[in-house]
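Inspection log for the structure reproduced underneath, given as structure tokens.
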Amino acid sequence: MWCFLFGILFAPILALNIPSSKNFSWSKENSRLFTKFYLNTLGPYDPVWKNYELCKGPKFKNVSETDVVVFQQGKDYYGTFKFKFLTRSLVDEIRLWLYSIVGETRKQLWSHKLSDPCKNFVFAELIQEQLNSTKCIVEKTSYNKTVNFTETTRKLLGTSFFYGNYSMKVVMSSKNANILCLLLHIELLNKSKLNK
């Protein structure tokens, strides 16, 4: 986990193409620029959901029919999911991809595969509470559930992150079929600038 956090915190430094340590010394000016850079690019954020779309998952068949509606209530964004499970299913895997978007360029920041999602602190709660699941098994029935996307984003990314535009892809599947494939487009805005 520390390696992941180290990578996220120091990736922008590497992107600055700072010369090797033999040729580079930290002056007061460099220190001031570095601090200014981080104060303007990293910190507490407010997520703003731009748009979303359902996508085709990697498996040949689907075990659910899904509809999603994203809406804002106060400062928080919510997603209402309408699932119709066509068969009893085991949520076997969840895959996540996070991309940064600058202009027309999309760059993958990280991807993560949860091979036992009901042991993950974020997804276990969502699957068990929202889909009335025990041991990641979802019964054949219809579900109409609302998830607080703002709260879930903070659980996944923490309370501070790099400001900017992002795209997240979430694929939930059983061994042989897709359950959900969703693309979310979000902007993380500087919380202190919004509250002035």
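Numbering (mature numbering (1 follows the signal peptide of the UniProt record, and there is no 0)), first residue to last: -15 to -1, 1 to 181. For every residue, glycine included, the Cβ atom is placed at its ideal position computed from N, Cα and C. Given the structure is predicted, the values throughout are model-derived calculations rather than measurements.
Secondary-structure assignment with DSSP links VAL156 through a beta bridge to ARG80, CYS166. Under the three-state reduction of DSSP output, GLU89 falls in the coil class, being neither helix nor strand. Remark: C-beta atoms of CYS40 and LEU169 do not approach each other more closely than 8 Å. PHE134 sits buried, since 16 or more C-beta atoms from the chains shown fall within 10 Å of its C-beta.
Burial check for THR90: the Cβ neighbour count within 10 Å stays below 16, so the residue is exposed. Between the stretch 94 to 111 and the stretch 29 to 48, the count of Cβ pairs shorter than 8 Å is below three; the stretches do not touch. Taking a contact to require three or more Cβ pairs closer than 8 Å, the stretch 57 to 69 and the stretch 78 to 89 do not qualify as touching. Assigned with DSSP and collapsed to three states, PHE108 falls in helix.
Between ASN175 and TYR148, the beta carbon gap of about 5 Å places them in contact (Cβ cut-off 8 Å).
In the structure shown, the three-state DSSP call for SER177 is helix.
The alpha carbon of LEU165 has as its nearest neighbour, out of THR131, ARG80, PRO29, ASN25, the alpha carbon of ARG80. For PHE68, the enclosing beta strand (DSSP E) stretches over residues 61 to 70.
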